[in-house]
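S.K.: Attaching a single structure in structure tokens format; questions to follow.
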Amino acid sequence: MRKKVYSTTVLVFFLIGTVQSQGILGSAKDKAKNMLGKVSLKKLGKDPISTSFADTNTTVDLEDTFGNDAVFDPLCKQPKDTLANYVLTPGFYDFYGMSFCLKAGTYGPSEGDGYLYAATQGKQEEIVIAILKNYEKHLDIPQRKVQLLLWAIIAKTNFKKLSNDLRIVSARLLTPKQLLQLNNGVLGFVPEKVMQKSISKAPPAIKTILEIENKMRGMFEGGISAYEDYEKLAILAGMAPPTNTTIKRGRWSLHPDSYYIRYFPEGYSRTRVEIYVPDTAEQVTYNASDDIAVPANTGAQRLAQCNIALRCEED
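Each position in the sequence shown, counted from 1, maps to that position plus 5 in our numbering.
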């Protein structure tokens with residue numbers, strides 16, 4: 006076991022050296038620009054995962070009460086294909102599994118928030134999906150460490166600035182090529198005066214997110230490891246001001262693969278998912294790691310899903 010961990014550590018630091026030599030990490034010139042106040046709002050606002058409410062399908066095909074009295078089969082008991090996708094035939098399925106915050110600086114899910122399906126999109130979509138899918142093979146890694154890694158990516162943190170522990174987690178969940186890709190579009194910590202000058206014209210909600218992302222970059226660079234410190238920043242206290250009251254909790258989304266799905270988040274780290282496969286679909290495949298539960302309330306958090314069950318039992 007020690008030999009394996011040592012080999013992984015060597016790989017991580019070898020990759021870091023390779024990335025630095027290729028000039029993919031932030032250059033001294035970029036750092037100088039930050040110090041001089043030349044970092045742009047556009048660069049700060051580039052979201053590694055861009056999925057938003059605009060990417061959801063708001064068409065109502067099924068009433069919110071549809072399926073409330075149905076008998077649901079446990080999704081986790083269903084067969085999988087060679088790509089680890091669940092293979093589903095017509096019927097109702099439910100799943101209680103891990104989920105992850107993909108939007109630091111927003112509010113956690115509240116009891117009445119409606120969530121809709123959308124596909125994972127953005128510059129780092131391949132990385133995020135790979136982390137969630139590969140996590141299924143490495144369940145000895147605590148969920149919190151995977152969440153920290155995702156927050157580091159969302160905050161556009163330099164990979165070389167992560168703790169040794171997180172770099173080892175990265176190397177277990179990603180390929181060498183993907184590790185190099187982690188550094189595309191990264192930023193260093195931006196000094197407070199420079200930051201305020203750069204975001205002065207941004208809307209208040211956007212300012213909050215950008216400020217929190219910058220603080221998180223500073224924490225990662227400073228070696229702060231306490232999960233609670235990051236959580237306090239990432240998850241705003243209280244409830245998000247309502248921006249969409251027409252989509253209620255339990256709204257069904259039509260998935261592009263011809264089945265329906267709805268989400269019942271319990272905080273940001275776990276979500277109950279219900280799936281309905283209609284008779285018109287002979288067979289469908291489902292992999293939660295490709296999906297994001299997107300809040301109708303734009304001040305709340307996007308929640309990445311995964312196939313890891315927190316509870317798997319017959320009803």
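A virtual CB, placed ideally from N, CA and C, is assigned to each residue, including glycine. Keep in mind the model is a prediction, meaning the values are calculated, not measured.
Looking only at its chain, what residues have a beta carbon closer than 8 Å to the beta carbon of lysine 220, apart from the 5 residues adjacent to it on each side?
M.R.: Taken in chain order, the residues that qualify are Leu238.
S.K.: Here's a check: name, in chain order, each residue in its chain whose Cβ is nearer than 6 Å to the Cβ of lysine 166, leaving out the five neighbours to either side.
M.R.: For lysine 166, where only same-chain residues beyond five positions count, the Cβ hits under 6 Å are Phe225 and Glu226.
S.K.: My guess is that alanine 123 and threonine 64 are in contact by the Cβ rule of under 8 Å, so how many angstroms apart are they, rounded?
M.R.: Between threonine 64 and alanine 123 the Cβ distance is about 13 Å, and since that is not below 8 Å, they are no contact.
S.K.: Using the Cβ count rule (16 or more neighbours within 10 Å means buried), how would you classify arginine 149?
M.R.: So arginine 149 counts as exposed.
S.K.: Flag this pair as yes or no: are the beta carbons of alanine 314 and proline 114 separated by less than 8 Å?
M.R.: No, these two residues do not count as a Cβ contact at 8 Å.
S.K.: List in chain order: all unbroken beta strand (DSSP E) runs of 3+ residues lying wholly within the stretch 170-202.
M.R.: Listed in chain order, there is nothing to give.
S.K.: Going straight from the alpha carbon of arginine 254 to that of tyrosine 268, what length do you get?
M.R.: Taking the straight line from one Cα to the other gives about 8 Å.
S.K.: So which of Asp118, Gln183 and Cys81 has the shortest CA-CA distance to threonine 303?
M.R.: Considering only alpha carbons, the answer is Asp118.
S.K.: Can you tell me which residues form a DSSP beta bridge with glutamine 310?
M.R.: DSSP, once it has assigned bridges, lists Ser104 as partnering glutamine 310.
S.K.: Look at the alpha carbon of isoleucine 158 and the alpha carbon of leucine 179, and state the distance between them as a whole number of angstroms.
M.R.: So the alpha carbons of these two residues sit roughly 13 Å apart.
S.K.: Can you name the start and end residues of the beta strand (DSSP E) that glutamate 279 belongs to?
M.R.: Its beta strand (DSSP E) spans residues 275-282.
S.K.: What separation, rounded to the nearest whole angstrom, lies between the Cα atoms of cysteine 311 and alanine 298?
M.R.: The straight-line gap from Cα to Cα measures roughly 11 Å.
S.K.: Taking only runs that begin and end inside the stretch 230-293, name each unbroken beta strand (DSSP E) of 3 or more residues, in chain order.
M.R.: Runs found: 265-270, 275-282 and 289-291.
S.K.: How close, in whole Å, do the beta carbons of aspartate 60 and glutamine 129 come, if the pair is a contact with beta carbons under 8 Å?
M.R.: The pair is not a contact, with the Cβ atoms about 16 Å apart (cut-off 8 Å).
S.K.: Report all residues from its chain with a CB closer than 6 Å to the CB of alanine 301; omit the five preceding and five following residues, and keep chain order.
M.R.: Counting only Cβ-Cβ distances below 6 Å, and skipping sequence neighbours, we find Gly119, Asn249 and Ile252.
S.K.: If you draw a straight line from the C-alpha of leucine 259 to the C-alpha of proline 196, how long is it?
M.R.: Rounded to whole angstroms, leucine 259 to proline 196 spans 44 Å at the Cα level.
S.K.: For alanine 245, which option in Gly110, Lys48, Asp74 and Thr70 has the closest C-alpha, if you only look at C-alpha atoms?
M.R.: Checked all of Gly110, Lys48, Asp74 and Thr70; the closest Cα to alanine 245 is Gly110.
S.K.: Just confirm the distance between the C-beta atoms of asparagine 188 and asparagine 169, as a whole number of angstroms; I'd bet it's less than 8 Å.
M.R.: Not a contact, Cβ separation roughly 17 Å.
S.K.: Measure the C-alpha to C-alpha separation of leucine 67 and phenylalanine 105 and round it to an integer number of angstroms.
M.R.: Roughly 27 Å separates the two Cα atoms.
S.K.: Kindly list the residues whose CB is nearer than 7 Å to the CB of glutamate 141, restricted to its own chain and excluding five residues on each side of it in sequence; keep chain order.
M.R.: Once the five neighbours on either side are set aside, the close Cβ partners of glutamate 141 are Ala89, Asn312 and Ile313.
S.K.: So which of Val191, Lys206, Ser205 and Gly243 has the shortest CA-CA distance to glutamate 218?
M.R.: Minimum Cα distance to glutamate 218 is reached at Val191.
S.K.: For my contact list, leucine 153 and leucine 171 are in at a C-beta cut-off of 8 Å; report their separation, rounded to the angstrom.
M.R.: With a Cβ gap of about 6 Å, leucine 153 and leucine 171 count as contacting.
S.K.: In this structure, does DSSP put isoleucine 3 in helix, strand or coil?
M.R.: The question about residue 3 has no answer here: the residues shown for the chain are numbered 6 through 320.
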